[in-house]
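A.B. asks: Numbering (our numbering), first residue to last: 5 to 182.
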Amino acid sequence: MPDLIRAVLDFAEAGGVTMIPLLLCCVGMWYCILRTWLDIFLSPQTDEAHPLALEFTHMRSGRERVDSRLADKLAEAQCFPSRRRLAMAGAMASAAPLLGLFGTVTGMIETFDSVARFGMANPKALSSGISTAMISTQTGLAVAVPGLIAIHFLRGRVFRKRERLERLGATLVRRNAS
Numbered sequence: 005m006p007d008l009i010r011a012v013l014d015f016a017e018a019g020g021v022t023m024i025p026l027l028l029c030c031v032g033m034w035y036c037i038l039r040t041w042l043d044i045f046l047s048p049q050t051d052e053a054h055p056l057a058l059e060f061t062h063m064r065s066g067r068e069r070v071d072s073r074l075a076d077k078l079a080e081a082q083c084f085p086s087r088r089r090l091a092m093a094g095a096m097a098s099a100a101p102l103l104g105l106f107g108t109v110t111g112m113i114e115t116f117d118s119v120a121r122f123g124m125a126n127p128k129a130l131s132s133g134i135s136t137a138m139i140s141t142q143t144g145l146a147v148a149v150p151g152l153i154a155i156h157f158l159r160g161r162v163f164r165k166r167e168r169l170e171r172l173g174a175t176l177v178r179r180n181a182s
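(1) Under the assumption that A79 contacts L169 (Cβ atoms under 8 Å), give the Cβ distance between them as a whole number of angstroms.
(2) Can you tell me the Cα-Cα spacing of H156 and D117, whole angstroms?
(3) Tell me the rounded alpha-carbon separation between Q82 and E17.
(4) Could you compute how far the alpha carbon of R10 sits from the alpha carbon of A93?
(5) Rank L102, R178 and V162 by C-alpha distance to the C-alpha of F45 and give the top, closest one.
(6) With DSSP run on the structure shown, which of helix, strand or coil describes L46?
(7) Assuming S140 and G111 are in contact, meaning their beta carbons sit under 8 Å apart, how far apart are those beta carbons, in whole angstroms?
(8) How would you label I37, buried or exposed, when you count the other beta carbons within 10 angstroms and need 16 or more for buried?
(9) Tell me where the alpha helix (DSSP H) around A125 begins and ends.
(10) Out of D7, L103 and R179, which has the shortest C-alpha to C-alpha gap to L27?
(11) Excluding the 5 residues flanking S135 on each side, which residues of the same chain have their C-beta closer than 8 Å to its C-beta?
(12) What number of angstroms, rounded off, separates the C-alpha of R89 from the C-alpha of I153?
(13) In three-state DSSP terms, what is V21?
Shown next as structure tokens:
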């Protein structure tokens, strides 16, 4: 295990300074994705146990009039945290390749600086800058691509959850009206 940790740290060091913001993007993005996944897949799947149904049951017992606008607002309130987290995850996933590109530019500047100082006589300095450029680009893409796929999948789930809640709200409004 210590060899693996050392290898990861060496890789991060070789990627240059942009690896720190890339790591932060990765951690933040996956936190938002996993939190949303937990909200979607661990929330009650039966309509009677859903918080929206419980809210309507409470309102009905108080003999308050419930209309479809309130049902829509309650459905949106149930989905808003997930949608907000996915928007944040999407921003971080979109920023990751740009940070990788920034690392590429930084690595190429190091390469040209090395050529200007030492000429082509120092291949190690030359390859170090190119390595920095490629590692940061690779990391930016490695962070973004799986994140964007997960975000796309979860957006569909949140959309379907919202539709289900709207149908539930309409059903509860009809029941409350009768």
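Virtual Cβ for every residue (Gly too), placed ideally from N, Cα, C. Keep in mind it's a predicted model, so treat the numbers as computed, not measured.
C.D. replies: Let's see:
(1) 4 Å
(2) 41 Å
(3) 42 Å
(4) 29 Å
(5) V162
(6) coil
(7) 7 Å
(8) buried
(9) Looking at the DSSP string, A125 is not in any alpha helix (DSSP H), and its letter there is neither H nor E.
(10) L103
(11) A18 and G111
(12) 15 Å
(13) coil
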